[in-house]
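J.: The sequence shown begins at 95 in the working numbering and counts up by one.
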Amino acid sequence: MKKSAIEFTKKNQSVTYLVFSKDNGEMLGYFTLALKPLTVRGETVSNTVKKKLLRISEWDEKSDTYTMSAYLIAQLGKNYAGGRDKEISGKALIELAWMMIEKAQYMFGGMVTFLEAEDEERLLSFYRDNRFSQFDTRQTASDTDEAHELVQLLRLL
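Right under this line is the structure:
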């Protein structure tokens, strides 16, 4: 969050929301939302999802891909300093992010939300429990970090 939130907000690439305790005003967590282009390969999703994607995306028959604008949960994290992570659950934090996405959807349309996560079962299980489904993977490309694979998950509004 410290590295990217301010820079990306200044560039109008994303917005980071800070979550504070009503009781003591301490920061409990944060999430970052953005609107990004998303391409989904048809072979990675069910026929039901394909039908829904057809309504809101451009389908390339040749490559069997669906391209659309989607809401991205770019960051989601709890503040672990001083045990504050115990004051909010991951489920509550992701629901706060989801509420903001629903407000944006009401105002601007769209129906797809996605995120990318490390390939760790505990993390993937958390997102599956919160109604996200894996649809693909992506290799990271960074000048500073070593490339690695991220799991892509989506949830339809």
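Cβ atoms here follow ideal geometry from the backbone N, Cα and C, with glycine treated the same way. These numbers were taken from a predicted model, which means no experiment stands behind them.
Terminal residues of the continuous beta strand (DSSP E) containing M121?
T.: Counting along the chain, the beta strand (DSSP E) containing M121 begins and ends at M121 to R135.
J.: What residues match up with Y221 in a beta bridge as DSSP calls it?
T.: Answer is none; Y221 lacks a bridge partner.
J.: Alpha carbon to alpha carbon, how far is D158 from N118?
T.: Cα to Cα, the separation comes out at about 52 Å.
J.: From the DSSP output, in three-state form, read off D154 for me.
T.: Strand.
J.: On the three-state DSSP scale, how would you describe A211?
T.: Of the three classes helix, strand and coil, the one that applies to A211 here is strand, per DSSP.
J.: Straight-line CA distance for S98 to A164?
T.: Distance between the alpha carbons of S98 and A164 is about 20 Å.
J.: Please classify N141: is it buried, with 16 or more other beta-carbons within 10 angstroms of its beta-carbon, or exposed?
T.: By the 10 Å Cβ count, N141 comes out exposed.
J.: Judging by CA-CA distance, which residue of K180, T138, K104 and I188 is the nearest neighbour of A168?
T.: The shortest C-alpha separation from A168 is found at I188.
J.: If we call anything under 7 Å between Cβ atoms a contact, is L248 one with F220?
T.: In this structure, F220 does not lie closer than 7 Å to L248 by Cβ.
J.: My assumption, with CB atoms under 8 Å, is that A46 sits in contact with T231. Please give the rounded CB distance.
T.: Past the edges of the chain, shown from 95 to 251, lies residue 46, and the structure says nothing about it.
J.: Among T161, I100, A191 and R135, which has the Cα closest to the Cα of V113?
T.: Closest option to V113, Cα to Cα, is A191.
J.: Quick one: using the 10 Å Cβ neighbour count with 16 as the cut-off for buried, is K116 buried or exposed?
T.: Answer is exposed; the Cβ neighbour count stays below 16.
J.: Check the C-beta distance from R178 over to E137 and give it rounded, since I have them as a contact under 8 Å.
T.: Wrong, their Cβ atoms sit about 42 Å apart, outside the cutoff.
J.: Please list the terminal residues of the continuous alpha helix (DSSP H) segment that includes G184.
T.: Taken as a continuous stretch (DSSP letters only), the alpha helix (DSSP H) holding G184 covers G184 to F202.
J.: Can you tell me where the alpha helix (DSSP H) holding K104 begins and where it ends?
T.: Looking at the DSSP string, the run of the alpha helix (DSSP H) that includes K104 is A99 to K104.
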